[in-house]
Amino acid sequence: MKRVVLLTGVALAVSSSLAWASPESLLPPGFDNPTPTPTPTPKPATPAPPPRRSATPVPAERPGAAPASQAASQNPASQPGASGGADGDALAKLPSLAEIEDMETDEVNELFGLKPKFDVPPAARRAVEQVGVISAEEGGFPAGSLAKQPASLIRAALKGTQGPLVSRWGHILLRRALASRMDAPEGMNPVEFAALRAALLNRMGEGQVARTLVQDVDSANYNLALADAAFDAYLQTGDLIGMCPVARLKDDLRSDPQWEMTRSICAAFAGNTRSSERQLNRALAQGLAPRVDVLLAQRFAGAAGEGRRAVNIEWDDVNEMTPWRFALSAALGVDMPESLLDDAGPYYQRSAVLIPALPLAMRAEAADRAGMDGILSSAAMVDLYSQLHASAENDGALSEDTNRLRNAYVATGPAERLAAMRELWGNGTPDYGKLVLTAYAAARLPVDEDLADDPADLIASMLAAGLDRNAMRWGGTVSEGSEAWGLLAVAQPERSGTVSSGAVDSFIDEDSSAGQRKSRFLVAGLAGLGRLDNDDMAGFGENLGIDFNRESPWSRTITQAADYRNAALVAILAGLGMQGDGWDKMTARQLYLIVRSLDKAGLNAEARMIAAEAVARG
């Protein structure tokens, strides 16, 4: 009934434009020609046009109906039967009443210019200042941290950080900076600042945080850059419907096939199922996008509850996975070919762990990557494995891992618990994701020299979750110059005096890592924390080929930011210097500058954890 009334009203609006005389006003006297309200602006930007004289009171303007009515009463050339004219052409293009009755609400609104500009009441609209997820009181950086910084510097740093970081702790620190509620740099539009941060979070695999950040901006304030970042965040988290408020309110921001299909999906979820079905059928017939992409969109739109036919997803001719295919398949519960998933890159592992609709087994397989990168905490990984252990999906190799993790916590004796951890870590170099997984189990072990001849892996596991004080309990059991000693030397929260050069020499002599990378990282970390004498620092640098004095624009900028103790800026510049897919991409000089700058800026805990991680993973 509501739809019939709406269409009847629209029909009356159209038919009134065809009347020979202006309709009689139904408003009380004085309402149809109100006295203008004085404006507080002393001078308008442009001169106001003189009022038009009319023999009869003119009704208040309404988009679509009133202008046509006025034109019909004042311009005979626009009346039915008159020849030519722009108004006549416009009237000729109007759909018939039967066509209007067959339209959806959105189509009628678009036809007559009734589409709203805002989707939030004035009192509830939010300012674009201090967009973010966490405030300074909640652990974020102060709101004014970047307000006085040059926009060009922040823009270059955020755009220049293109990929994941080599360091788990560097990732955690950068995520904290990007998620903080901060004012935009001087000279930068706040919406652009939000878009740059959200886009970088997406590239880091932090789609969940990026999604929360873009939701802090009202839809009416979106620009193309923020819409792109939001779209990527919603795909990465399998939450395409979250894009609907923007896609429906500002549908002209993008014009690519995925955007058009998203608008059609959103129309279905808004109740305009017929319009959505027509649009997607047309997209399939015209080849707007690859067939499987449109089929997934049709299946998604059909999930709105009024789908008229079943849609079978065909993977036969599909050669690659894309974020669109992965997100929609995950949300719909569509089985994806193993061949496509096996060839997919790390992006899909990072995305899989964020999508609750995916099977627990698939999410658990991706958890090691997410934990290693810093996306998941140790506690979150344990929660995920615990859910899998209690589910029917717990079989195969994952079943063995869940049982080992359980034994690492609840086995009868410490030796059995340590044995379960070692089985999880694997032979040779431990899987760092598994070290993150076992951090709290390692912290529960009693300190016993006979329990572990070399507790380096235990200590590295605890430090992976920031449990430095638990790790320091093992200090009395480690031999000077061992890898375990080196981890504790940089992770120690408080230290009086410098480290013995003899102990560092012993570490270097026992180091079998490629290019003595662990030794180079140990020296860089100790030097950055101020735990080496200047002479020892110079001597070790010369022996290991580390030039601590070489400068670059990046080194000068991060050093200056540290001198001013601007922790947020140091964190962003540190992220810029830690890009890469492995620690072989990190140089000892970069590590030294990052650790030193973080320590000077008041981020000593992060500096120590990054240095310890470098030694463990070097």
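Taking my numbering, the leading residue of the sequence shown gets 111, the next gets one more, and so forth. All C-beta atoms, glycine included, are put in the ideal place defined by N, C-alpha and C.
Cross-strand partners of GLU296 (DSSP beta bridge): PRO260
If we ignore side chains and look at the alpha-carbon of each, how far apart do GLY250 and TRP693 end up? 27 Å
Counting beta carbon pairs with one atom in the segment 592–602 and one in the segment 621–632, are three or more of them shorter than 8 Å? yes
For GLN689, the three-state DSSP class (helix, strand or coil): strand
Cα separation between PRO150 and ALA253? Legend: pLDDT at PRO150 = 49, less than 50; position of this residue unreliable, value from coordinates given subsequently. The straight-line gap from Cα to Cα measures roughly 33 Å.
Own chain partners of VAL463 with C-beta closer than 6 Å, once the 5 adjacent residues on each side are dropped: ARG473, ALA476, ALA477, ALA480
Taking Cβ positions, are ALA335 and VAL324 nearer each other than 8 Å? no
Would you report the Cα separation of ALA380 and ALA413, rounded to the nearest angstrom? 12 Å
Rounded to whole angstroms, what's the CA-CA distance from SER449 to THR372? Just pull it up for me. 27 Å
If you drop the 5 nearest sequence neighbours on each side, which residues of the same chain put their C-beta closer than 6 Å to that of LEU345? PRO433, ALA437
Consult DSSP for VAL241 and reduce its assignment to one of helix, strand or coil. strand
Of the residues GLN602, GLU559, MET572, which one's Cα is nearest the Cα of VAL588? GLU559
Taking the DSSP output, what are the residues bridged to SER290? ILE244
Separation of TYR495 from ALA521, as counted between CA atoms: 17 Å
Can you pull the DSSP bridge partners for LEU275? GLN689
What three-state label does DSSP hand MET111 in the structure shown? At MET111, the pLDDT of 41 sits below 50, so the modelled position is not reliable; the number obtained from the coordinates is stated separately. Correct three-state label for MET111: coil.
Within the segment 399–485, note down every full alpha helix (DSSP H) run reaching 4 residues or more, in order along the chain. 401–412, 433–442, 448–453, 456–462, 470–483
Thinking just about the alpha-carbon of each residue, which of GLY455, ALA407, LEU498 is nearest to the one in LEU468? LEU498
Close Cβ partners of ASP541 (< 7 Å) along its chain, the five nearest in sequence each way excluded: ASP478, TRP535
Mind the definition here: the segment 360–378 touches the segment 399–415 only if three or more C-beta pairs lie below 8 Å; say whether that holds. yes
Quick test of the definition: if touching needs 3 or more C-beta pairs under 8 Å, does the segment 683–703 touch the segment 543–554? no
How many Å lie between SER509 and PRO466 at the Cα? 20 Å
By a C-beta neighbour count over all protein chains shown, 10 Å radius and 16 as the cutoff for buried, is PRO232 buried or exposed? exposed
Ignore the nearest five residues each way along the sequence and tell me which others in ASP643's own chain have a CB closer than 7 Å to its CB. THR608
DSSP on LEU642, reduced to helix/strand/coil? coil
From this set, LEU268, LEU283, GLU247, which residue's C-alpha is nearest ALA717's C-alpha? LEU283
Check whether the segment 567–576 touches the segment 712–728, taking contact to mean three or more Cβ pairs, one atom from each stretch, closer than 8 Å. yes
Apart from the five residues just before and just after TRP425, which ones in its own chain have a Cβ nearer than 6 Å to its Cβ? PRO447
Classification of ARG236 by the beta-carbon crowding that lies within 10 angstroms, buried from 16 upward: exposed
Just checking, does the segment 646–663 make contact with the segment 614–629 on the three C-beta pairs under 8 Å criterion? yes
Tell me the rounded alpha-carbon separation between GLY585 and TYR519. 23 Å
Please confirm whether ALA287 and VAL319 have their CB atoms less than 8 Å apart. no
Going by DSSP, what residue range makes up the alpha helix (DSSP H) through GLU661? Where GLU661 is concerned, there is no enclosing alpha helix (DSSP H), given that its DSSP letter is neither H nor E.
Inspect the beta-carbon positions of ASN659 and ALA711 and report whether they are closer than 8 Å. no
Taking VAL546 as part of the alpha helix (DSSP H), name the residues at either end of that continuous run. 542–547
Residue environment, ASN429, which counts as buried when at least 16 other CB atoms sit within 10 Å: exposed
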